[in-house]
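Taken in order, the sequence shown gives residues 1 to 160; the numbers are from the UniProt record's numbering.
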Amino acid sequence: MTAPQRTAPDVSFLLNHAAHVLRTRMAAALAEAGLTARMHCVLTHAMGEERTQAELAELGDMDKTTMVVTVDALERAGLAERRPSAKDRRARIISVTDAGAELAERSQRIADQVHADVLAALPPDEREVFLRAMKRLVEGHLAEPVEAPVPARRARQREN
C-alpha cells in the first residue's frame, strides 16, 4: 500500500513548525529577563488598560488555572498585584507595579528583537508580502476556529 499523494502544500506542518520554533526562541530570549512568554503577555496587556484576570487570560489564550499560576508568580516577584476594579468592585484587575512596568518594557524590546530576527531571515521584499499574507489569513479565512466533533487542541508552550 502506498501513501496518498499530497495535492496541496502541507500548510499545517509549515505553520505549526514555524510557530513551535518561534515559541522556543521567544521562551529562551524572555528567560534571560526572568520571564515566561505568559508572564510577558500578562504584564504588557495589563499595562494598556484596566483588565481582569479573565480578560487577560482570553488575550493570552490561557485557561483559568494557568492564568492564576502566572499571576501568582508575578505577584511573588513583585511585578503585579490583584486589585479591585474601579469600574466594578466585584471584579479584580491585574495591576502592574513599577518594577513590573520596567521589566515589561525590557521584555517587549526582547520580543520585538526576536520578531525582527525572524523577519530578517527573509529578503526585504518578501517580508512585506509574508506579513500581508499572514495578516490577511488571520483576519480572514483563519480568523476564528470552527466547531469540530473532537475539539482541536492549541499547541501550548510548556512551562517549567
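All C-beta atoms, glycine included, are put in the ideal place defined by N, C-alpha and C.
A quick note: this is a predicted structure, and the numbers were derived from the prediction, not measured.
The Cβ-Cβ distance between E49 and K87 does not fall below 8 Å. L56 places its beta carbon 8 Å or farther from that of I110. Under a 10 Å Cβ-count criterion, T70 is classified as buried, with 16 or more other Cβ atoms of the shown protein chains found around its own Cβ. Judged by beta-carbon spacing, R25 lies within the 8 Å limit of V114, meaning their Cβ atoms are closer than that value.
Sorting T65, Q108 and A54 by C-alpha distance to the C-alpha of S85 places A54 at the top. Nearest Cα to Q108 within the set A33, H17 and D125: A33. Annotation: A91 to A148 spans about 33 Å, alpha carbon to alpha carbon. In the DSSP assignment, R82 falls within the unbroken beta strand (DSSP E) covering A80 to P84.
Per DSSP, the continuous beta strand (DSSP E) segment holding R92 begins and ends at R92 to V96.
Here DSSP, grouped into helix, strand and coil, assigns T7 to coil.
Where T66 is concerned, the enclosing alpha helix (DSSP H) starts and stops at K64 to R76. In this structure, A73 and M39 form a Cβ contact; the two beta carbons are roughly 6 Å apart against a cut-off of 8 Å. The continuous stretches of alpha helix (DSSP H) do not include H141, and DSSP gives it neither H nor E.
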